[in-house]
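Enquirer: Just passing along the structure, written as structure tokens.
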Amino acid sequence: HYQIMANPVAESNGRSGAVVVILDVTEQQSREELRREFTANVSHELKTPLTSISGYAEIMMNGLVQPSDMGRFSGKIYQEAQRLITLVGDIIRLSQLDEEKVQLEKRPVDLHMIASDVVRRLQDVARKNQITLMMTGKPTVVNGNPQILDEMIYNLCDNAIKYNKPFGEVEVNVATIKDHPVLTVEDDGIGIPVDDQERIFERFYRVDKSHSRQIGGTGLGLSIVKHGAIYHKAKVELKSALGEGTTVRIVF
Ligand code: ADP
């Protein structure tokens, strides 16, 4: 896409002409399109849980719920509210990572310690899904923001558990490879089709929309991983085979 601006000019020798400026605005346009798409997605994602919350509350308010069903109804409201909290948290994080001016504090942190803490917090979820979740490797220091690193690792582990099979395994490893700190999350779950592999890092992109909604999640997890990696000047590598499993590596 080009933007063309023309200004007529008259020269002192009587000749006249024009200065024509041709600007390549392809990048701005696609950025604008992405922004519009993002806003539309956000509105939709916010509206769905809000509509349920409002619906359940209205039924309760009108006294149409049996006392024995009260727990179930308030449970639904709670669940949808939690979903909104996670979604809004993810959106705020992404916009912070987008704003290049916002300098979140970086300091030397042990990646292994952060990952171990994430693994500990996810053990219950893993057990409920019949997944073995383990931590390997050794202390490895990177210069980073502990909160963002935590969220990145959490999102990767959460996915490795969610998109797995019963009795599957997830291994989280932190090591130094060729002088680079590397975090690896490896699962032997459902895998990602080749055609989707590049797109899963896009905001709100999900491989199987209906299935993913059931499983839960905002569709923003891997975008946070991607932008968190950019923030840490790290590289994200994805290796996945359908039906066999997925390995994500973050190379610092
Ligand atoms: P979500 O909240 O849906 O998990 P993400 O951005 O974290 O959003 O992931 C985007 C999509 O990529 C998921 O919906 C899923 O289809 C796919 N995906 C992510 N991680 C894995 C994995 N380890 N195995 C299989 N599919 C995955």
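To get the UniProt record's numbering, take the position in the sequence shown, counting from 1, and add 345.
Idealized CB from N, CA, C, for every residue including glycine.
Only a predicted model underlies this, so the values are computations on that prediction, with no experimental measurement involved.
1. With a CB to CB cut of under 6 Å and the five nearest residues on each side skipped, what residues in its chain are close to aspartate 532?
2. Please go through the same chain and pick out, in chain order, the residues whose beta-carbon is closer than 6 Å to the beta-carbon of methionine 479, but skip the five residues on each side of it.
3. What three-state label does DSSP hand serine 375 in the structure shown?
4. From the DSSP output, read off the bridge partner residues of leucine 494.
5. Starting from valine 552 and walking both ways along the beta strand (DSSP E), at which residues does that stretch end?
6. Just to check, is the beta-carbon of threonine 591 closer than 7 Å to a non-hydrogen atom of ligand 1?
7. Please list the segments of the beta strand (DSSP E) lying wholly inside the stretch 430-500, counting only runs of 3 or more residues, in order along the chain.
8. With which residues is residue 306 paired in a DSSP beta bridge?
9. Cβ of serine 397 within 8 Å of Cβ of glutamate 425?
10. So, with DSSP's three-state summary, where would you put asparagine 358?
11. My assumption, with CB atoms under 8 Å, is that threonine 371 sits in contact with histidine 346. Please give the rounded CB distance.
12. Round the Cβ separation of isoleucine 569 and glutamate 496 to the nearest angstrom and send it over; I've been treating them as touching at under 8 Å.
13. Here's a check: name, in chain order, each residue in its chain whose Cβ is nearer than 6 Å to the Cβ of threonine 529, leaving out the five neighbours to either side.
14. Starting from the C-beta of leucine 429, find all residues in its chain whose C-beta is less than 6 Å away, skip the five residues before and the five after it, and write them out in chain order.
15. In chain order, what residues of the same chain have a beta carbon less than 6 Å from the beta carbon of phenylalanine 512, not counting five sequence neighbours either side?
16. Opposite threonine 521 in the DSSP bridges: which residues?
17. Where alanine 574 and arginine 381 are concerned, what is the direct C-alpha to C-alpha distance, given to the nearest angstrom?
18. What number of angstroms, rounded off, separates the C-alpha of valine 365 from the C-alpha of serine 375?
19. Go to isoleucine 568, then tell me how far its alpha helix (DSSP H) extends in each direction, as first and last residue.
20. Since lysine 578 contacts alanine 520 with CB under 8 Å, what's their CB separation in whole angstroms?
21. Identify, in the order they occur along the chain, each residue of the same chain with its Cβ nearer than 7 Å to the Cβ of glutamate 444, setting aside the five sequence neighbours on each side.
22. Can you determine whether any heavy atom of ligand 1 sits closer than 7 Å to the C-beta of asparagine 504, and answer yes or no?
Expert: According to the data block:
1. The beta carbon of aspartate 532 sits closer than 6 Å to those of Ala505, Asn509, Val515, Gly590 and Thr591, all from its chain and outside the five residues before and after it, given in chain order.
2. Closer than 6 Å at Cβ, skipping near neighbours: Glu516.
3. helix
4. DSSP output for leucine 494 lists no bridge partner at all.
5. That residue, valine 552, is in no beta strand (DSSP E); it is neither H nor E in DSSP.
6. Threonine 591 Cβ: within cutoff of ligand 1.
7. 452-455, 477-482 and 486-489
8. Nothing can be reported for residue 306: it is not among the residues displayed for the chain, which extend from 346 to 597.
9. yes
10. Note: asparagine 358 maps to coil in three-state DSSP.
11. 5 Å
12. 6 Å
13. Asn518 and Arg594
14. Pro394
15. Gln475
16. Per DSSP, the beta-bridge partners of threonine 521 are Pro526.
17. 24 Å
18. 24 Å
19. The sequence as given places serine at residue 568; isoleucine does not occur at that position. In the DSSP assignment, serine 568 falls within the unbroken alpha helix (DSSP H) covering 566-576.
20. Not a contact, Cβ separation roughly 19 Å.
21. Excluding the 5 residues flanking it on each side, glutamate 444 has no same chain C-beta neighbour closer than 7 Å.
22. yes
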